[in-house]
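**Student:** Quick one: this structure, given as structure tokens, is what I'll be asking you about.
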Amino acid sequence: MRRFFLTVFVSLFFAGGFAQLQRFSFTTGKMGSPFTIIMYAADSGYASHTAAQCFVLVDSLVNILSDYIDSSELNRLCARAGKSSFHCSPVLFYLLQQSKYAYENSLGSFDITLGPVTRLWRNARKENRFPAPEIVQEKLALTGFSKIKIDTSTHSVYLSQTGMQLDLGGIGQGYIAQRVIDYLQTLHIENALVDVSGDIVCTGKPPGKNGWTVAVNLPESEHELLPKHLLISNTAVTTSGDVYQFMEHEGKRYSHIVDPATGYGITSQRNVTVMAKEGTLADWLTKACSILPIAKAKKLVRRLHAGLLIAEMKNGNLVFHMTKGFSKFWK
């Protein structure tokens, strides 16, 4: 899982007119990374109880969508690959449909069938051993979205090739962050932010403020931040880069974001930030826009009514590319 690429700065103090609301922050480890919920509420007991309920919700979703948990619903689906169809829960079926939508709209640059390849690279980074080209091609042969058969009448899915594995890591975190925000709103928490390892979704804004202030890392830098910050409310924002997850081989730095066309991690020095109406969309768009040429990435984001900022290093210089209108959030 990605670790933090976005940093949230929220003042601990606010205008006296909002003194009935207090800021509460809760962080725990989920999906291998810190999972943070910030909310404004009038009562500490209510805030703590609400956060605990949110984390229970997160655990229930992780047990459906994770490819790290052997007994997850996703892995039980994959165990049926090449054998029989699998009846999906509403959550998994929704994410698979959204993944199909993402695949079709991203010109194939976002593909959840890359599971065998992403697992190969996950182990390669852990063991610090660059895989042989023939192994990469062997795993790549197990991929292809056309091998997923989705039956909308029965909510069943059939994976047509034995050995297929699905990886929802590039869409699931944004979905989970959005589900938590949606749940908080049902409990009348109007000002809250959820940060799932850099997938951020917020509602409202800190009382007395114009929005939530979010900082973005420089490309390939863990601690240095871009000179401007984002000011957001009622939106989702996600940044993808390779600060924590990458592999170096023969002078090249390979990101954890794998290009479905090659089976190798991308080597461009980019940080891609997407702002969208909800977390699921923002999450997968960052992966697609990390792979697509910049012109096609901007076209895709505009068509889906989202915003895009790409910060990349070219010959030692920092270059920005952004869609029209993004600058109004860029302070």
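Numbering (my numbering), first residue to last: 175 to 505. Cβ coordinates follow ideal geometry from the N, Cα and C atoms, glycine included. All values reported here derive from a predicted model rather than from experimental measurement.
1. Note down, in chain order, each residue of its chain lying with its Cβ closer than 6 Å to the Cβ of P208, except the 5 sequence neighbours on either side.
2. Rounded to the nearest angstrom, what separates D325 and G318 at their Cα positions?
3. From L333, N302 and A306, pick the residue whose C-alpha is nearest to that of L288; which is it?
4. Which whole runs of the alpha helix (DSSP H) in the segment 303–350 are 4 residues long or more, in chain order?
5. Using DSSP's beta-bridge definition, name the partner residues of Q196.
6. For Q359, which residues of its own chain have a beta-carbon under 7 Å away from its beta-carbon, when the five flanking residues on both sides are left out?
7. Taking buried to mean at least 16 other C-beta atoms within 10 Å of its own C-beta, is K505 buried or exposed?
8. Go through its chain and collect everything with a Cβ distance to G439's Cβ below 8 Å, but skip five positions before and after it.
9. Assign N297 to one of three DSSP states: helix, strand, or coil.
10. Rounded to the nearest angstrom, what separates L269 and E364 at their Cα positions?
11. Secondary structure at C376, three-state DSSP: helix, strand or coil?
12. State whether the segment 476–487 contacts the segment 441–457, with contact taken as three or more CB pairs (one from each stretch) at a distance under 8 Å.
13. Cα separation between P264 and H329?
14. Helix or strand or just coil, what does DSSP make of A221?
15. Where do the N-terminal and C-terminal ends of the alpha helix (DSSP H) with R250 fall, by residue?
16. Any idea what DSSP makes of N365, helix, strand or coil?
17. Classify V230 as buried or exposed, calling it buried when 16 or more other Cβ atoms lie within 10 Å of its own Cβ.
18. Here's the rule I'm using: 16 or more other beta-carbon atoms within 10 Å means buried, otherwise exposed. How should D341 be labelled?
19. What residue from G346, L361, V354 and F494 has the CA that sits closest to Q271's CA?
20. May I have a chain-ordered list of the alpha helix (DSSP H) segments no shorter than 4 residues that lie completely inside the segment 457–486?
21. Work out the CA separation of C252 and I374 for me, nearest whole Å.
**Tutor:** Walking through what the data contain:
1. Against the sequence shown, residue 208 aligns to sequence position 34. The answer, listed in chain order, is T201.
2. To locate residue 325, count along the sequence shown from 1; it is residue 151. To locate residue 318, count along the sequence shown from 1; it is residue 144. Roughly 17 Å between the two C-alpha positions.
3. Walking along the sequence shown from the start, residue 288 turns up at place 114. Cα-wise, what sits closest to L288 is L333.
4. 307–314
5. By one-based count along the sequence shown, residue 196 stands at place 22. For Q196, which the question treats as bridged, DSSP gives the partners A215.
6. Locating residue 359 in the sequence shown gives position 185, where the first residue counts as 1. Hits under 7 Å: T377.
7. Counting from 1 along the sequence shown, the entry for residue 505 is found at position 331. With fewer than 16 Cβ atoms within 10 Å of its Cβ, K505 is classed as exposed.
8. Reading the sequence shown from its first residue, position 265 is the one you call residue 439. Taken in chain order, the residues that qualify are W295, D416, F420, M421, Y428, S429, H430, I431, V432 and D433.
9. As a first step, residue 297 must be located in the sequence shown, where it is residue number 123. Helix at N297.
10. One-based indexing of the sequence shown puts residue 269 at position 95. One-based indexing of the sequence shown puts residue 364 at position 190. Straight-line Cα distance between these residues: approximately 26 Å.
11. Numbered from 1 along the sequence shown, position 202 holds the residue referred to as residue 376. Of the three classes helix, strand and coil, the one that applies to C376 here is strand, per DSSP.
12. yes
13. As a working note, residue 264 is residue 90 in the sequence shown. As a working note, residue 329 is residue 155 in the sequence shown. Going by the C-alpha atoms only, they are around 8 Å apart.
14. Here residue 221 refers to the residue found at position 47 of the sequence shown. Reduced to three states, the DSSP call for A221 is helix.
15. Indexing the sequence shown from 1 puts residue 250 at position 76. Looking at the DSSP string, the run of the alpha helix (DSSP H) that includes R250 is E247 to A253.
16. Walking along the sequence shown from the start, residue 365 turns up at place 191. It is coil, neither helix nor strand.
17. Working through the sequence shown from its first residue, we reach residue 230 at position 56. Its Cβ having fewer than 16 others within 10 Å, V230 is exposed.
18. Here residue 341 refers to the residue found at position 167 when the sequence shown is read from its first residue. Per the 10 Å Cβ criterion, buried.
19. Along the sequence shown, one-based indexing puts residue 271 at 97. Closest option to Q271, Cα to Cα, is G346.
20. 468–477
21. One-based indexing of the sequence shown puts residue 374 at position 200. One-based indexing of the sequence shown puts residue 252 at position 78. Looking at the two C-alpha atoms, the distance is approximately 29 Å.
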